[in-house]
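Asker: My questions will all concern the structure given below.
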DNA sequence: CAAAAAGGGTGTAGGACTGCAACTATGACG
DNA sequence: CGTCATAGTTGCAGTCCTACACCCTTTTTG
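Chains as they are written, first to last, in this note's numbering: chain E, 332 to 493; chain Y, 332 to 493.
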């Protein structure tokens with residue numbers, strides 16, 4: 332995990348990858364914990380659906396099924412449960428009367444916000460232990476990485492992790 | 332997502348948190364994609380069990396149930412399926428004849444390796460697009476972050492993400 | 001206007017996870 | 001040796017995800 336290299340040479344892509352894989356474990360662990368807090372009330376597909384609605388806004392059933400990667404019929408029944416839990420709302424929009432528009436209900440938004448807040452809080456707790464130099468470095472470094480990551484086809488939502 | 336701040340001042344912990352949350356999305360997305368590749372053959376709890384066995388080595392049913400956070404009876408039947416898929420092995424160790432020792436089978440190790448490899452490959456692909464300075468910065472910055480994260484109680488495995 | 005396409009919902013069926021309760025076998029302790 | 005604890009399994013019951021096939025309604029299109 333700790334690549335031994337001459338500190339005066341530029342790190343190879345693979346070495347940087349090593350560092351990112353390690354950080355990935357930490358960050359994914361944090362994400363997992365934030366999610367574990369709502370486990371029991373919400374299944375993973377249900378959470379994925381909420382995240383997607385929070386990101387992309389109101390949507391019809393087909394688009395959601397496509398985004399979450401499930402069969403339309405599965406999406407219908409998944410929405411049944413989310414509606415029953417009052418986390419989303421179904422409505423019949425004007426225009427195309429075949430469509431059903433799914434909207435995140437206040438309770439649904441609250442859950443998403445809670446998970447995000449927990450994640451943020453935990454990360455902030457870690458960052459608080461770093462000095463100013465380290466903080467500045469992280470900001471610059473991760474900014475560049477996020478930019479690079481952002482250039483990829485955005486199917487990172489495949490599993491609904493935010 | 333891009334906190335506007337004076338570039339000459341030290342970033343606040345919260346600003347660093349912002350950057351990490353953004354990077355977190357990217358990294359978690361990568362982890363999710365690596366996992367999605369084996370979806371269909373393996374459920375999430377099954378994957379979590381494999382990861383745990385890969386990390387901690389051979390284990391009995393109770394410890395695995397505890398680690399993955401499921402009921403012992405659930406663990407028994409989860410193991411039934413993993414054994415049937417030839418991803419793990421059950422054996423009766425000498426000594427305590429009540430215990431059952433679970434071992435990762437070669438096919439199970441292969442799956443873990445495949446997921447890890449995919450994740451690494453995708454991260455490396457991103458890093459390849461960065462220049463030497465950025466790489467060096469990421470190495471330093473993430474090293475410090477990982478150190479800070481490592482000081483936390485290690486329950487990041489709660490959901491079995493590696 | 002009739003046929004095809006699109007958007008969703010139902011019926012049906014199966015697999016997986018979940019926990020509780022009861023049971024077997026084994027080990028530890030007095 | 002008898003009792004209690006431990007490790008694991010099995011029976012049972014419920015929820016959820018999953019897909020396929022089929023149906024209804026609405027819209028588009030020739």
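Idealized CB from N, CA, C, for every residue including glycine.
Examine chain Y for any beta-carbon lying closer than 9 Å to the beta-carbon of residue 397 of chain E, and answer yes or no.
Answerer: False, the Cβ-Cβ gap to chain Y never drops below 9 Å.
Asker: Kindly say whether residue 440 of chain E, judged by its beta-carbon, lies nearer than 9 Å to any beta-carbon of chain Y.
Answerer: It does not: the Cβ of residue 440 of chain E has no partner Cβ on chain Y nearer than 9 Å.
Asker: Report yes or no: is there a C-beta of chain E within less than 9 Å of the C-beta of residue 387 of chain Y?
Answerer: Not an interface residue.
Asker: Between the alpha carbons of residue 475 of chain E and residue 423 of chain Y, how many angstroms are there, rounded?
Answerer: Distance between the alpha carbons of residue 475 of chain E and residue 423 of chain Y: 52 Å.
Asker: What residues are listed by DSSP as bridge partners for residue 494 of chain E?
Answerer: Chain E is shown from 332 up to 493; residue 494 of chain E falls before or after that span and cannot be answered.
Asker: If I measure Cβ to Cβ from residue 466 of chain Y and keep anything under 7 Å in the same chain, skipping five residues before and after, which residues do I get?
Answerer: Once the five neighbours on either side are set aside, the close Cβ partners of residue 466 of chain Y are 458.
Asker: Roughly how many angstroms lie between the CA atoms of residue 386 of chain E and residue 379 of chain E, to the nearest whole one?
Answerer: If I take the Cα positions, the gap works out to 11 Å.
Asker: Does the beta carbon of residue 345 of chain Y come closer than 9 Å to any beta carbon on chain E?
Answerer: So yes, residue 345 of chain Y belongs to the interface.
Asker: Around the C-beta of residue 404 of chain E, are 16 or more other C-beta atoms found within 10 angstroms, so that it is buried, or is it exposed?
Answerer: Answer is exposed; the Cβ neighbour count stays below 16.
Asker: I think residue 390 of chain Y touches residue 418 of chain Y, with their Cβ atoms under 8 Å apart; what is that distance to the nearest whole Å?
Answerer: Not really, about 14 Å apart at Cβ, beyond 8 Å.
Asker: Do you know whose CA, among E:471, E:413, E:407, lies nearest residue 440 of chain E's CA?
Answerer: Among E:471, E:413, E:407, the Cα nearest to that of residue 440 of chain E is on E:413.
Asker: Please confirm if residue 361 of chain Y has its CB atom under 9 Å from at least one CB of chain E.
Answerer: With 9 Å as the cut-off, residue 361 of chain Y counts as an interface residue toward chain E.
Asker: Can you give me the Cβ contacts of residue 398 of chain Y inside the same chain, cut-off strictly under 6 Å, excluding the 5 residues immediately before and after it?
Answerer: Counting only Cβ-Cβ distances below 6 Å, and skipping sequence neighbours, we find 383.
Asker: Where does residue 373 of chain Y fall in DSSP's three states?
Answerer: In the structure shown, residue 373 of chain Y sits in a strand (DSSP, three-state: E or B).
Asker: Would you identify the three-state DSSP class for residue 493 of chain E, choosing helix, strand or coil?
Answerer: Annotation note: pLDDT 35 at residue 493 of chain E (below 50); position unreliable, no value reported.
Asker: If the criterion is Cβ atoms closer than 9 Å, does the pair residue 463 of chain Y and residue 469 of chain E meet it?
Answerer: No; because the gap between Cβ atoms is not below 9 Å, this pair is not in contact.
Asker: Under 6 Å Cβ to Cβ from residue 334 of chain E, same chain only, skipping five residues before and after it: list those, please.
Answerer: In this predicted model, residue 334 of chain E has a pLDDT of only 45, less than 50, meaning its place in the structure is not dependable enough to derive any value.
Asker: In the DSSP assignment, find the alpha helix (DSSP H) that holds residue 403 of chain E and state where it starts and stops.
Answerer: Residues 403–415.
Asker: Using three-state DSSP, classify residue 455 of chain E as helix, strand or coil.
Answerer: Correct three-state label for residue 455 of chain E: helix.
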